[in-house]
Amino acid sequence: QFTQQYQPAACNSNPTPCKDPTDKLFTVHGLWPSNKIGGDPEYCKIRNPRKRAKKLEPQLEIIWPNVLDRTNHTGFWSRQWKKHGACGYPTIQNENDYFETVIKMYITEKQNVSRILSNAKIEPDGKSRALVDIENAIRNGTNNKLPKLKCQKKTRVTELV
Numbered sequence: 704q705f706t707q708q709y710q711p712a713a714c715n716s717n718p719t720p721c722k723d724p725t726d727k728l729f730t731v732h733g734l735w736p737s738n739k740i741g742g743d744p745e746y747c748k749i750r751n752p753r754k755r756a757k758k759l760e761p762q763l764e765i766i767w768p769n770v771l772d773r774t775n776h777t778g779f780w781s782r783q784w785k786k787h788g789a790c791g792y793p794t795i796q797n798e799n800d801y802f803e804t805v806i807k808m809y810i811t812e813k814q815n816v817s818r819i820l821s822n823a824k825i826e827p828d829g830k831s832r833a834l835v836d837i838e839n840a841i842r843n844g845t846n847n848k849l850p851k852l853k854c855q856k857k858t859r860v861t862e863l864v
């Protein structure tokens with residue numbers, strides 16, 4: 704599962720306020736291997752210890768910020784790798800491959816939800832949208848991949864997270 708989050712909604716759903724103002728963007732939350740049957744794997748054995756290349760970090764800071772604490776991106780990335788990424792083996796060979804795959808999916812394969820919705824004229828402008836319109840826009844922008852959407856109700860407003 705290539706998981707993205709809408710920054711303002713992620714902050715609104717967190718019991719502790721975000722430390723910095725958020726961008727009105729969907730950014731990466733994680734890449735989580737999943738099983739067709741049963742629960743999704745977590746904390747798998749790391750088979751290849753090759754670390755994340757430092758040269759990837761400027762791109763990761765943009766597409767995969769730690770929304771809740773922008774002073775600790777690397778800690779967030781490391782937790783995502785250890786909890787989820789290592790379980791992608793053998794498709795994901797190592798930590799560096801995991802982060803390169805995320806960059807490729809978000810930028811090269813254009814699986815950037817903010818861009819996809821903008822192309823469909825769905826903007827974060829406070830207007831209500833039908834869930835089916837958001838789902839169809841994402842399907843049209845991702846070669847018919849079915850999104851799994853999560854909404855939350857905050858006061859009287861429902862937000863797409």
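Per our numbering: the sequence shown = residues 704 to 864.
Using N, Cα and C, we set each Cβ at its ideal position, and we do this for glycine too.
These numbers come from a predicted model, not from an experiment.
Every alpha helix (DSSP H) stretch that sits fully inside the stretch 739-807 and reaches 4 residues is listed by chain position as 760-766, 776-786 and 798-806.
The distance from the Cβ of Lys727 to that of Pro711 is about 6 Å, consistent with a contact at the 8 Å cut-off. Counted as a single uninterrupted DSSP element, the alpha helix (DSSP H) harbouring Leu820 occupies residues Val816 to Asn822.
Phe705 and Gln814 do touch by the CB rule: their CB atoms are close to 6 Å apart, below 8 Å. For Gly733, the three-state secondary structure derived from DSSP is strand. In this structure, Val864 places its C-beta atom within 8 Å of the C-beta atom of Lys853.
Proximity of the stretch 751-763 to the stretch 841-849 falls short of the contact definition, fewer than three beta-carbon pairs being nearer than 8 Å.
Closest in alpha carbon position to Thr774, among Thr811, Cys721 and Asn715, is Cys721. In the three-state DSSP reduction, Thr858 falls in the coil class, being neither helix nor strand. Sixteen is the threshold: when 16 or more other Cβ atoms of the shown chains lie within 10 Å of the Cβ of Leu734, as they do, the residue is buried.
For Gln707, the enclosing beta strand (DSSP E) covers residues Phe705 to Tyr709. When the five nearest sequence neighbours on each side are left out, the beta carbons in the same chain lying within less than 6 Å of the beta carbon of Cys714 are those of Cys721 and Thr725, in order along the chain. Looking from the CA of Glu798, the closest CA among Asn751, Glu812, Asp723 and Pro768 belongs to Asn751. For the options Tyr809, Ile825, Ser737 and Tyr709, the alpha carbon positioned closest to that of Gly791 is the one of Ser737. Per the DSSP secondary-structure output, Leu863 pairs in a beta bridge with Cys854. Our two residues, Pro850 and Arg753, have alpha carbons roughly 31 Å apart in a direct line. Put simply, of Leu771, Lys748, Val731 and Glu838 the residue whose alpha carbon is nearest the alpha carbon of Thr719 is Leu771.
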